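Just so we're aligned, residue 2 is where the sequence shown starts under this note's numbering, counting upward by one.
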Amino acid sequence: MIWRFNFGILTDMKKTILSGSTVTGDLTLGNYIGAINNWAKLQDEYECFYFLADLHALTVYQDPAILRERTYSFFAQYLALGLDPKKNVIFVQSHVPEHTQLMWILTCLTPMGYLNRMTQFKEKSEKHVKNINAGLFTYPVLMAADILLYQADMVPVGEDQRQHLELCRDIVGFFDNKYSEGILKMPDAYIGKMGARIMSLQDPTKKMSKSDENDKNFVSIIDDAKKIEKKIKSAATDSGTEIKFDAENKAGLSNLMTIYSVLSGKSIQQIEQDFVGKMYGHLKVDLAELTVQTLSPVKAKYDDLMKNKDYLDQLMKSGADRAQVRAAVTLDKVYKAVGLHR
Ligand code: TRP
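Here's what the structure looks like:
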């Protein structure tokens with residue numbers, strides 16, 4: 002009876018969503034749109050953990066001063082986008098040592114063959130031939146530790162991270178088989194209503210990505226007005242003239258129309274009507290202006306936050322403290338289960 006009662010309470014608890022972002026590049030207009038569509042809703046329905054994966058960033062050489070500054074910058078960008086540090090747990094990965102502690106245990110459970118199969122490892126080692134370090138190889142195990150420490154139910158991941166999430170699920174299986182079940186929670190991919198998918202400005206068949214090497218492909222949320230205008234005006238479009246949504250044949254134009262629609266709140270049909278008889282250039286000019294207007298409060302908030310590193314330090318610390326409460330419970334159970342003295 003009592004057991005059933007407890008179980009009832011447990012199932013009423015909010016589920017956990019966890020998402021990490023490697024500290025490279027800057028957040029983009031695509032992130033902005035994802036954020037306004039999702040965060041407010043997610044933070045009420047779920048317990049949300051967001052962290053900056055600074056340890057993952059180290060798998061590719063980072064200039065120490067730049068990494069340090071960029072970690073502040075990312076933290077400030079998340080806050081500027083409206084992520085509420087009271088309603089969500091926002092923290093920096095390296096501030097919670099349990100990540101690397103759990104990683105070691107999981108590393109000892111992960112067959113080399115599984116890591117060899119990871120397409121991102123293959124791609125990255127081709128790209129960084131001079132620095133194929135072991136961290137690049139064990140990267141997905143650290144990612145598994147990130148997820149499993151928090152008993153995450155769901156992880157919103159893009160296509161490029163799906164295989165890593167699958168590996169994480171395999172690792173839960175290995176742990177269950179060798180030690181005990183019920184200690185690590187099996188995570189699922191979170192397929193939210195992502196709303197609009199924002200594509201690269203120069204190659205609209207690819208998603209807009211913050212780690213794109215060509216910075217003309219994305220608008221960063223902290224780009225200044227001039228840069229935004231330049232990037233949108235030089236976005237690749239087809240050689241047609243009619244402003245009509247056609248994702249297949251006019252992918253570039255359609256992407257701009259999607260962005261316009263999300264930022265203005267107008268439907269695609271409305272936009273088509275507004276631009277009857279006008280040229281692509283008109284749309285670009287209007288969209289550039291709208292984007293600058295939309296992002297300018299974000300940029301202002303960002304600039305403000307970056308002037309106050311003490312405040313950022315404080316928030317990072319309280320986020321890490323809250324994260325650690327949960328992480329320590331999992332690590333303790335895992336250490337005991339594998340036979341380590343506690
Ligand atoms: N590897 C992810 C990326 O590059 C970032 C990441 C690290 C992550 N740990 C995670 C994402 C845990 C989700 C869950 O995008």
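Ideal Cβ placement from N, Cα and C applies to all residues, glycine included.
As the structure is a prediction and not an experimental result, all values here were calculated from the model.
Can you name the start and end residues of the alpha helix (DSSP H) that residue 303 belongs to? 281 to 307
Of the listed residues 61, 274, 114 and 188, nearest to residue 126 (C-alpha basis): 61
Measure the CB-CB distance between residue 310 and residue 234 and report whether it falls below 8 Å. Not a contact, by the Cβ cut-off of 8 Å.
If we ignore side chains and look at the alpha-carbon of each, how far apart do residue 92 and residue 46 end up? 20 Å
Exposed unless 16 or more other CB atoms sit within 10 angstroms - verdict on residue 312: exposed
With distances taken from each beta carbon to the nearest heavy atom of the ligand TRP, which residues come in below 6 Å, in chain order? 19, 20, 21, 22, 23, 54, 57, 144, 147, 148, 156, 158 and 162
Where the beta strand (DSSP E) through residue 53 begins and ends: 48 to 54
Please return the same chain residues whose Cβ sits closer than 6 Å to the Cβ of residue 201, not counting the five positions on each side in sequence. 207, 209 and 218
Of the listed residues 263, 18, 325 and 277, nearest to residue 33 (C-alpha basis): 263
At a cut of 8 Å, does the segment 58 to 75 reach the segment 14 to 31 through at least three beta carbon pairs? yes
Beta-ladder partner(s) of residue 90, from DSSP: 50
Can you give me the C-alpha to C-alpha distance between residue 152 and residue 50, rounded to a whole angstrom? Rounded to the nearest angstrom, the gap between the Cα atoms of residue 152 and residue 50 is 11 Å.
Quick check on DSSP: helix, strand or coil for residue 148? helix
With 16 as the cutoff for other CB atoms within 10 Å, does residue 173 come out buried or exposed? With 16 or more Cβ atoms within 10 Å of its Cβ, residue 173 is classed as buried.
Is it buried or exposed for residue 321, if we count other Cβ within 10 angstroms and need 16 for buried? buried
Assign residue 283 to buried or exposed, taking buried as 16 or more other Cβ atoms, counted over all protein chains shown, within 10 Å of its Cβ. By the 16-neighbour rule on beta-carbons within 10 angstroms, residue 283 is exposed.
Could you tell me which uninterrupted alpha helix (DSSP H) segments, each at least 4 residues in length, are contained entirely in the segment 108 to 161, listed from first to last along the chain? 113 to 117, 120 to 128 and 135 to 150
According to DSSP, is residue 189 helix, strand or coil? strand
What are the residues that DSSP puts in a beta bridge with residue 349? Because the chain is modelled from 2 through 343, residue 349 falls outside the range shown and cannot be assessed.
Between the CA atoms of residue 258 and residue 272 - distance to the nearest angstrom: 8 Å
Give the single residue among 98, 222 and 20 whose Cα lies nearest to the Cα of residue 302. Nearest in C-alpha terms to residue 302, of all of 98, 222 and 20, is 222.
Using the Cα positions of residue 220 and residue 205, report the straight-line distance between them to the nearest angstrom. 13 Å
Contact the segment 235 to 245 vs the segment 176 to 184: 3+ CB pairs below 8 Å: no
Are the CB atoms of residue 116 and residue 101 within a distance shorter than 8 Å? no
Quickly, what does DSSP pair residue 221 with across the bridge? List them, please. In the DSSP secondary-structure assignment, residue 221 is bridged to 29.
With a threshold of 16 other CB atoms inside 10 Å of the CB of residue 110, please say whether the residue is buried or exposed. buried
Is residue 81 near residue 107, with beta carbons less than 8 Å apart? no
Under the three-state DSSP convention, the category residue 21 falls into: In the displayed model, residue 21 falls within a strand according to three-state DSSP.
Please go through the same chain and pick out, in chain order, the residues whose beta-carbon is closer than 8 Å to the beta-carbon of residue 41, but skip the five residues on each side of it. So the list reads 83, once near-sequence residues are dropped.
Measuring CB to CB, does residue 331 end up less than 8 Å from residue 149? Contact flag set, yes.
Pairwise C-alpha distance: residue 114 and residue 79: 36 Å
Mind checking whether residue 104 and residue 143 have CB atoms under 8 Å apart? yes
From 162, 252, 232 and 216, pick the residue whose C-alpha is nearest to that of residue 198; which is it? Nearest of 162, 252, 232 and 216 to residue 198, Cα basis: 252.
Count the other CB atoms, across all protein chains shown, that sit within 10 Å of the CB of residue 343; report buried if there are 16 or more and exposed otherwise. exposed
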